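*Asks:* Sharing a structure below in structure tokens format, with a few things to ask.
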Amino acid sequence: MTATSRPSPAATPSGDAARRAGKRVLLAAPRGYCAGVDRAVIAVEKALEQYGAPIYVRHEIVHNKYVVKTLENKGAIFVDRTAEVPEGSIVMFSAHGVAPVVHEEAAERRLATIDATCPLVTKVHKEAVRFAAEDYDILLIGHDGHEEVIGTSGEAPDHITLVDGPEDVANVEVRDESKVVWLSQTTLSVDETMETVDALKQKFPLLIAPPSDDICYATQNRQIAVKQMGADADLVIVVGSKNSSNSVRLVEVALGAGAGSSYLVDGADEIEEAWLDGVTTVGVTSGASVPEVLVEGVLEWLSQHGFEDVEIVKAAEETITFSLPKELRRDLRAEAAELAKK
């Protein structure tokens, strides 16, 4: 559990008195699964259904403990390295994407592969390849060690420099200041990213931007909803796992918008009653890799503690969907068996 808070009053009414005091929940919309996460999770479920267990997945399919555990119980096996997958098996690449070398490793081990990379991450990969081919220095804004950053950097390692926040800008060097472009990890805070971009522009006035925003629509929409509720919330509860970049960012955005305190929890069992001291308005949202059942659990917990009035804070309508990986339309078990014979 990750928590950040500011001082708040120390008394909270309870029961009927609490309801009369105007206790309420502001529920963010949109929240939870984005199209890329929904696609990846369904892809694992479909693969298990079509081909049977086990289906190996390189890294967590998405950054959520509940989702990973649920899929493990159905027969998915999550591995950190391609070498852990037995030859002749099926392996799926997570929504965060992988570097080209991982595809090469899978081919060497004669593995049948399913690529569940989010199409918006794939877009960033293609941008990196294109700008590298044009001999640009690429400044990739993102968090060191994040799977998405590792995958994108692997597309053009000789051209990409990681910039992990505004404080990193002073150390950045390029070959030609007239050929510099920035790209970004898709799950960052919009405000933090633009702060880094502004610092880069001061150092490299000819810096160019990618043809379209790299921060995904879902990340932006969830941050906008939290900004709208933040100023009115004494407390904001963000449902999500600690290794989920976009979930962690929502805590930061909530505090930046004026929330009295904000906490990141995997589920209702991590909420502490002490957080409700002096609180009349609780904001609730969830990261882009969080199933709605976890949010429902938080709402039920809050209802049991007097927060029964729920108001929706709607920032956007999301209608985007992505088709499932094309590999699910083939007989991958047969392909894996043939590969194992080679």
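Numbers 1 to 342, taken from the UniProt record's numbering, label the letters of the sequence shown in order. All residues carry an ideal CB built from backbone N, CA and C; glycine is no exception. The structure displayed is predicted, hence computed values, not measured ones.
1. Give the C-beta separation of A28 and A225 to the nearest angstrom, bearing in mind that I take them to be a contact with Cβ-Cβ under 8 Å.
2. Less than 8 Å between the CB atoms is what I'm expecting for L339 and A47, so what's the real figure, rounded?
3. Let me check understanding here. Comparing Cα to Cα, which of A132, H305, A112 and L140 lies closest to D213?
4. Identify, in the order they occur along the chain, each residue of the same chain with its Cβ nearer than 8 Å to the Cβ of L299, setting aside the five sequence neighbours on each side.
5. Residue 357: buried (16+ other C-beta within 10 angstroms of its C-beta) or exposed?
6. With a Cβ-Cβ cutoff of 8 Å, do T161 and G97 count as a contact?
7. Three Cβ pairs or more, each shorter than 8 Å: is that satisfied between the segment 245 to 260 and the segment 171 to 183?
8. Using a 10 Å radius around the Cβ and a threshold of 16 neighbouring Cβ atoms, would you call R330 buried or exposed?
9. If distances are taken between C-alpha atoms only, which option among K65, I237 and I320 comes closest to S286?
10. Any beta-carbon of chain D closer than 8 Å to the one on G52?
11. Indicate whether S94 and H143 have their beta-carbon atoms separated by less than 8 Å.
12. In the DSSP assignment, find the unbroken beta strand (DSSP E) run with R329 in it and report its ends.
13. What's the call for E173, buried or exposed, on a 16-neighbour Cβ count within 10 Å?
14. Within a Cβ cutoff of 8 Å, which residues of the same chain sit near R109, ignoring the five residues on either side of it in sequence?
15. Taking just the CA atoms, how far does F78 sit from L255?
16. Measure from the alpha carbon of G32 to the alpha carbon of each residue in A257, S261, A218 and G260, then state which is nearest.
17. Going by Cα to Cα distance, which pick from T187, D198, V190 and S189 is closest to V169?
18. Taking the straight line between their C-alpha atoms, what separation do you get for D266 and N64?
19. Tell whether a beta-carbon distance below 8 Å holds between I215 and T193.
20. Whole alpha helix (DSSP H) runs in the segment 80 to 141 with 4 or more residues, listed along the chain?
21. Ignoring anything shorter than 3 residues, give me the beta strand (DSSP E) runs that lie fully in the segment 228 to 281, in order along the chain.
22. Using the three-state DSSP reduction, which class does V174 fall into: helix, strand or coil?
23. Under the assumption that V124 contacts T186 (Cβ atoms under 8 Å), give the Cβ distance between them as a whole number of angstroms.
*Replies:* By the coordinates alone:
1. Indeed they touch by this definition, with Cβ atoms about 4 Å apart.
2. Contact between L339 and A47 is ruled out by a C-beta separation of about 16 Å, above the 8 Å threshold.
3. Per the Cα distances, L140.
4. Non-local C-beta neighbours of L299 in its own chain, meaning closer than 8 Å and more than five positions away in sequence, comprise V25, L27, V284 and V310, ordered along the chain.
5. Past the boundaries of the shown model lies residue 357; the chain is included only from 1 to 342, so the question cannot be answered.
6. Not in contact: T161 and G97 (Cβ atoms no closer than 8 Å).
7. Touching, no.
8. By the neighbour-count rule (16 or more Cβ atoms within 10 Å), R330 is not buried but exposed.
9. For S286, the nearest C-alpha among the options comes from I237.
10. Looking at the structure shown, chain D is missing, and only one protein chain is on hand.
11. The answer is no: Cβ separation not under 8 Å.
12. Counting along the chain, R329 falls outside any beta strand (DSSP E), and DSSP gives it neither H nor E.
13. By the Cβ-count criterion, E173 is exposed, with fewer than 16 other Cβ atoms from all chains shown falling within 10 Å of its own Cβ.
14. For R109, where only same-chain residues beyond five positions count, the Cβ hits under 8 Å are T82, A83, V85 and E87.
15. Roughly 34 Å separates the two Cα atoms.
16. Answer by Cα proximity: A218.
17. Closest by alpha carbon: D198.
18. Each residue's alpha carbon lies about 8 Å from the other.
19. Against a cut-off of 8 Å, the Cβ pair of T193 and I215 comes out as a contact.
20. Complete alpha helix (DSSP H) runs here, min 4: 100 to 108 and 119 to 133.
21. Counting whole runs of 3 or more residues, the segment 228 to 281 contains the beta strand (DSSP E) stretches 235 to 239 and 261 to 265.
22. Residue state, collapsed to three classes: coil.
23. V124 to T186, Cβ: 7 Å. Contact.
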